[in-house]
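> I have a structure here, written as structure tokens, and I will follow up with some questions on it.
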Amino acid sequence: MRVGRLGSTTLVLNDYFLLLMGLYFLLGVLPQALLLFTAVACHEGCHALVASRLGWQVKSVELFPFGGVSRLYRPAGWRLREEAIIALSGPAASSLLAAAVTLAVNYARPAPVWLLFFRQVNLILALFNLWPGLPLDGGRIYRALRARSHGLARATLEGSYGGQLLAVFLGIGSIAGFYLHLVDLQGLILALFIFYTARQEGEMAPYMFWQDFWRQRGIKKVNPSRAGRVFWLVADPDLPLSRVIRSFAPDSFNLVAIVGRQGRLEGIVTETEILEELLSGGSATTLTSLLKK
């Protein structure tokens, strides 16, 4: 459900938002849910603000009573540290809100219960989101750091596994807590949401190599000093190009030396030649076939 626009950003309330709010009302926790929603909105709003300032396009911000998702489009030549900065801004905002509430509590004695709850919510948001698993902020920070040495595809897949692992722990803990009459099933809803979103992130891993490649090409256009980094690979002549690119170094210009069975150098191909062939539909083309063209 769209509720408005802020510049080029669409503000969206999840389709189940009103249903969940009604459920919270029946459970007698609607005020707490509204405070949680406010904390989440501030958290996601900070993500969107920082992303916009870094030149990223913020397509939409979708809010749930228990979380939110900012849909961002990376600009050409984006840097890994930008994703880390954007991800870190959310927990930083929640931490600052918690610190501000703590100062308010010190001046307002006795402190209102709702103010103490709001501080607690922001602290939990800040700490919970630092878990190194997608789609949480910690997962995006982990991916940005890990991708420097292992590429976006592998880092995305690892982050997806981290998010699914957290969802399993959270789901088991919620069911056990409900059975022991310690908590309700809100944690299980959150666990299902995290697991589903983490799976979606993992499905994007095969496409991340291309994002990584064009990101590096964009950086090299902006910063020519990086163009001197060359990464050499040695490959069998019969190896398909789709297999070769999996070993490309993301922060270098890749050259492939084709060595035959008798140890003879049959030729050298560049990453540009390989990628042009792949983009023309030659994913099954071998290195030998490419040399003959």
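Numbering-wise, our numbering comes out as the position in the sequence shown, counting from 1, plus 12. Glycine included, each C-beta is placed from N, C-alpha and C at the ideal position.
#1: Roughly how many whole angstroms lie between the Cα atoms of residue 277 and residue 79?
#2: Along the chain, where does the alpha helix (DSSP H) that runs through residue 187 open and close?
#3: State the Cα-Cα distance for the pair residue 61 and residue 17, rounded to the nearest angstrom.
#4: Taking residue 140 as the reference, which of 23, 92, 202 has the closest Cα?
#5: Where residue 172 and residue 145 are concerned, what is the direct C-alpha to C-alpha distance, given to the nearest angstrom?
#6: How should residue 31 be labelled, buried or exposed, when 16 other C-beta atoms within 10 angstroms of its C-beta is the threshold for buried?
#7: According to the Cβ coordinates, are residue 123 and residue 117 closer than 7 Å?
#8: How many Å lie between residue 174 and residue 305 at the Cα?
#9: Does DSSP classify residue 238 as helix, strand or coil?
#10: Applying the 10 Å Cβ sphere with the 16-neighbour rule, what's the burial state of residue 209?
#11: Using a Cβ-Cβ cutoff of less than 8 Å, which residues in the same chain neighbour residue 127 once the five nearest sequence positions on both sides are dropped?
#12: Identify whether residue 233 lies in helix, strand or coil by the three-state DSSP scheme.
#13: At a cut-off of 6 Å, is residue 23 close to the ligand ATP when judged by its beta-carbon and the heavy atoms of the ligand?
#14: Drop a sphere of 10 angstroms on the beta-carbon of residue 159, count the other beta-carbons inside from all chains shown, and report buried for 16 or more, exposed for fewer.
#15: How many angstroms separate the CA atom of residue 149 from the CA atom of residue 102?
#16: Report the rounded CA-to-CA distance for residue 200 versus residue 301, giving the unit in angstroms.
#17: Suppose you measure from the CA of residue 286 to the CA of residue 99; what does that come to, to the nearest Å?
#18: Going by the CB atoms, is the gap between residue 267 and residue 282 shorter than 7 Å?
#19: What do you reckon, are the CB atoms on residue 7 and residue 26 nearer than 7 Å?
#20: Skipping 5 residues on each side, what residues in its chain have a beta carbon closer than 7 Å to that of residue 279?
#21: Could you spell out the range, first to last residue, of the alpha helix (DSSP H) harbouring residue 14?
#22: Rounded to the nearest angstrom, what separates residue 24 and residue 249 at their Cα positions?
#23: For residue 156, which residues of its own chain have a beta-carbon under 6 Å away from its beta-carbon, when the five flanking residues on both sides are left out?
#24: Check residue 103 in the structure and name its three-state DSSP category.
#25: When you compare only the Cα positions, how much space is there between residue 22 and residue 184?
#26: From the DSSP output, in three-state form, read off residue 83 for me.
#27: Rounding to the nearest angstrom, what Cα-Cα distance links residue 69 and residue 85 in this structure?
#28: How would you write the range of the beta strand (DSSP E) that residue 266 sits in, first residue to last?
So, to answer that:
#1: For the purposes of this step, residue 277 is identified with residue 265 of the sequence shown, where counting begins at 1. For the purposes of this step, residue 79 is identified with residue 67 of the sequence shown, where counting begins at 1. About 56 Å.
#2: Numbered from its first residue, the sequence shown carries residue 187 at position 175. Taken as a continuous stretch (DSSP letters only), the alpha helix (DSSP H) holding residue 187 covers 149 to 191.
#3: In the sequence shown, counting from the first residue as 1, residue 61 sits at position 49. In the sequence shown, counting from the first residue as 1, residue 17 sits at position 5. Rounded to whole angstroms, residue 61 to residue 17 spans 14 Å at the Cα level.
#4: In the sequence shown, counting from the first residue as 1, residue 140 sits at position 128. Selected option, being the one with the closest Cα: 202.
#5: As a working mapping, residue 172 is identified with position 160 in the sequence shown. As a working mapping, residue 145 is identified with position 133 in the sequence shown. As the crow flies, the alpha-carbon of residue 172 is around 6 Å from that of residue 145.
#6: Locating residue 31 in the sequence shown gives position 19, counting from the first residue. Per the 10 Å Cβ criterion, exposed.
#7: Position 111 of the sequence shown, counted from the first residue, corresponds to residue 123. Position 105 of the sequence shown, counted from the first residue, corresponds to residue 117. Residue 123 places its beta carbon less than 7 Å from that of residue 117.
#8: On the sequence shown, position 162 is the one that residue 174 refers to. On the sequence shown, position 293 is the one that residue 305 refers to. Their Cα atoms are separated by approximately 44 Å.
#9: By one-based count along the sequence shown, residue 238 stands at place 226. Only weak support is given to the placement of residue 238: the predicted model assigns it a pLDDT of 45, under 50, and the question is left unresolved by the model.
#10: Indexing the sequence shown from 1 puts residue 209 at position 197. Buried: at least 16 other Cβ atoms inside 10 Å.
#11: Along the sequence shown, read from residue 1 onward, the residue named residue 127 stands at position 115. Closer than 8 Å at Cβ, skipping near neighbours: 113, 116, 117, 120.
#12: Here residue 233 refers to the residue found at position 221 when the sequence shown is read from its first residue. The predicted position of residue 233 is uncertain, since its pLDDT is 49 and thus under 50; no value can be drawn from it.
#13: Ligands displayed in this structure: none; no statement on the ligand ATP is therefore possible.
#14: The count along the sequence shown starts at 1 and reaches residue 159 at position 147. Label assigned to residue 159: buried.
#15: What you label residue 149 is simply residue 137 of the sequence shown in a count that begins at 1. What you label residue 102 is simply residue 90 of the sequence shown in a count that begins at 1. Cα to Cα, residue 149 sits roughly 7 Å from residue 102.
#16: Here residue 200 corresponds to residue number 188 of the sequence shown, with the count starting at 1. Here residue 301 corresponds to residue number 289 of the sequence shown, with the count starting at 1. The straight-line gap from Cα to Cα measures roughly 53 Å.
#17: As a first step, residue 286 is located in the sequence shown; it is residue number 274 there, counting from the start. As a first step, residue 99 is located in the sequence shown; it is residue number 87 there, counting from the start. Cα-Cα distance, rounded: 34 Å.
#18: Here the question's residue 282 lines up with position 270 in the sequence shown. Here the question's residue 267 lines up with position 255 in the sequence shown. For residue 282 and residue 267, yes; Cβs fall inside 7 Å.
#19: As displayed, the chain neither begins before 13 nor continues past 305, which places residue 7 out of reach and without an answer.
#20: Taking the first residue of the sequence shown as position 1, residue 279 is located at position 267. Same-chain partners within the cutoff: 270, 303.
#21: Taking the first residue of the sequence shown as 1, we reach residue 14 at position 2. Residue 14 -> not in any alpha helix (DSSP H); beta strand (DSSP E) instead, spanning 14 to 18.
#22: On the sequence shown, position 12 is the one that residue 24 refers to. On the sequence shown, position 237 is the one that residue 249 refers to. The straight-line gap from Cα to Cα measures roughly 52 Å.
#23: By 1-based counting over the sequence shown, the position of residue 156 is 144. Cβ within range, chain order: 92, 95, 96.
#24: The residue given as residue 103 occupies position 91 in the sequence shown. In this structure, residue 103 counts as helix in the three-state DSSP scheme.
#25: One-based indexing of the sequence shown puts residue 22 at position 10. One-based indexing of the sequence shown puts residue 184 at position 172. Approximately 35 Å between the Cα atoms of the pair.
#26: Within the sequence shown, residue 83 is the residue found at index 71, counting from 1. Three-state result, residue 83: strand.
#27: Here residue 69 refers to the residue found at position 57 of the sequence shown. Here residue 85 refers to the residue found at position 73 of the sequence shown. So the two alpha carbons sit approximately 5 Å from each other.
#28: Within the sequence shown, numbered from 1, the residue matching residue 266 stands at position 254. Run containing residue 266: 265 to 271, per the beta strand (DSSP E) assignment.
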